[in-house]
Amino acid sequence: NAGVMQNPRHLVRRRGQEARLRCSPMKGHSHVYWYRQLPEEGLKFMVYLQKENIIDESGMPKERFSAEFPKEGPSILRIQQVVRGDSAAYFCASSPTGGSTDTQYFGPGTRLTVL
Amino acid sequence: AQSVAQPEDQVNVAEGNPLTVKCTYSVSGNPYLFWYVQYPNRGLQFLLKYITGDNLVKGSYGFEAEFNKSQTSFHLKKPSALVSDSALYFCAVRDVGNTPLVFGKGTRLSVIA
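The listed protein sequences derive, respectively, from chains V and R.
According to our numbering, the first sequence is numbered sequentially starting from 1.
According to our numbering, the second sequence is numbered sequentially starting from 1001.
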């Protein structure tokens, strides 16, 4: 029973390029959450999605960042025109129902380095 | 808005001794509280959660946590620490109404043989 999968595990981009991070939730989970972790910091919520819907994007920067969770395929976090400050670990989590008492299960993360 | 505080950046404990990792929270309603552990270059692994009921919650790998409403705390405990418990521990809280999960900054636990 595969857990949450994320790829790539490591991503290097130069300033101004686009970064595309993928997340496949656990089997049977239709709710996906993206978090960002800066060095020596806790995780900060970015966005919560269901299939084909963005439910809460209150933690998402207003520019350059977007997320989607299509009917088929993984959830994608896209960062356009990356800057050095975008360097971080990006984690995806999934849960079965999205309820407040649900446990969120995390993937291994994508570590983005912007040169 | 909800918040979590982990007052200790680092906790050192000798192998075999009991360990405690502290967490306090602030929410407007009833809290849903979680503990996760992160090993180097890995994702977060779920340890346990408090939703309602018994204040003492038992979780994975021998860990437990005690919910104390009057002190707004949810400290993580283990009776006998192992070297393999050395990792980064995160407390998180969620309020009712599908609000985001809010994490503390983490506490690095070091268990010394």
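Here a beta-carbon is modelled for each residue, glycine too, at the ideal position from N, C-alpha and C.
Just so you know, these numbers come straight off a predicted model, no measurement behind them.
Q: Return the chain-ordered list of same chain residues with a C-beta closer than 7 Å to the C-beta of K117 of chain V, the five sequence neighbours on each side being excluded.
A: The first residue shown for chain V is 1 and the last is 115, placing residue 117 of chain V beyond what the model contains.
Q | Beta carbon proximity, D1095 of chain R to chain V, threshold 9 Å | A | Position 95 of the second sequence holds residue 1095 of chain R. At a cut-off of 9 Å between beta carbons, D1095 of chain R contacts chain V.
Q: Check the C-beta distance from I54 of chain V over to R20 of chain V and give it rounded, since I have them as a contact under 8 Å.
A: Along the first sequence, one-based indexing puts residue 54 of chain V at 54. Along the first sequence, one-based indexing puts residue 20 of chain V at 20. I54 of chain V to R20 of chain V, Cβ: 17 Å. No contact.
(Q) For a cutoff of 9 Å on Cβ pairs, would you count L1101 of chain R as touching chain V? (A) By 1-based counting over the second sequence, the position of residue 1101 of chain R is 101. Judged by the 9 Å Cβ criterion, L1101 of chain R is in contact with chain V.
Q: Quick one: give me the first and last residue of the beta strand (DSSP E) that H31 of chain V is part of.
A: For this step, residue 31 of chain V is matched to residue 31 along the first sequence. Looking at the DSSP string, the run of the beta strand (DSSP E) that includes H31 of chain V is 31-37.
Q) Any idea which residues DSSP pairs Q80 of chain V with across the strands? A) Numbered from 1 along the first sequence, position 80 holds the residue referred to as residue 80 of chain V. Answer is none; Q80 of chain V lacks a bridge partner.
Q. Closest Cβ-Cβ distance between I55 of chain V and chain R: below 9 Å?
A. Residue numbering aside, residue 55 of chain V sits at position 55 when the first sequence is read from its first letter. Closer than 9 Å: yes.
Q: Measure the alpha-carbon distance for S1060 of chain R versus G1016 of chain R and round it to whole angstroms.
A: Here the question's residue 1060 of chain R lines up with position 60 in the second sequence. Here the question's residue 1016 of chain R lines up with position 16 in the second sequence. C-alpha separation (whole angstroms): 18 Å.
Q) Which whole-angstrom value is the C-beta distance of G997 of chain R and C1023 of chain R, which I expect to be below 8 Å? A) Any property of residue 997 of chain R remains undetermined from this structure, which presents chain R solely from 1001 to 1113.
Q. So A88 of chain V and L49 of chain V are in contact, right, with Cβ under 8 Å, and what is the actual spacing, rounded?
A. By 1-based counting over the first sequence, the position of residue 88 of chain V is 88. By 1-based counting over the first sequence, the position of residue 49 of chain V is 49. The C-beta distance from A88 of chain V to L49 of chain V rounds to 19 Å, too long to meet the 8 Å contact threshold.
(Q) At the level of alpha carbons, what is the spacing between N1098 of chain R and V1013 of chain R? (A) Stepping through the second sequence from its first residue, residue 1098 of chain R is reached at position 98. Stepping through the second sequence from its first residue, residue 1013 of chain R is reached at position 13. Distance between the alpha carbons of N1098 of chain R and V1013 of chain R: 37 Å.
Q. Thinking just about the alpha-carbon of each residue, which of V:H31, V:G59, V:A93 is nearest to the one in K44 of chain V?
A. Walking along the first sequence from the start, residue 44 of chain V turns up at place 44. The shortest C-alpha separation from K44 of chain V is found at V:G59.
**Q.** Beta carbon proximity, S100 of chain V to chain R, threshold 9 Å
**A.** Taking the first residue of the first sequence as position 1, residue 100 of chain V is located at position 100. Interface residue, yes.
Q) Taking the alpha-carbon positions, what's the A2 of chain V to S24 of chain V distance? A) Within the first sequence, residue 2 of chain V is the residue found at index 2, counting from 1. Within the first sequence, residue 24 of chain V is the residue found at index 24, counting from 1. Straight-line Cα distance between these residues: approximately 10 Å.
Q: Reducing DSSP to helix, strand and coil, say where V4 of chain V ends up.
A: Against the first sequence, residue 4 of chain V aligns to sequence position 4. In this structure, V4 of chain V counts as coil in the three-state DSSP scheme.
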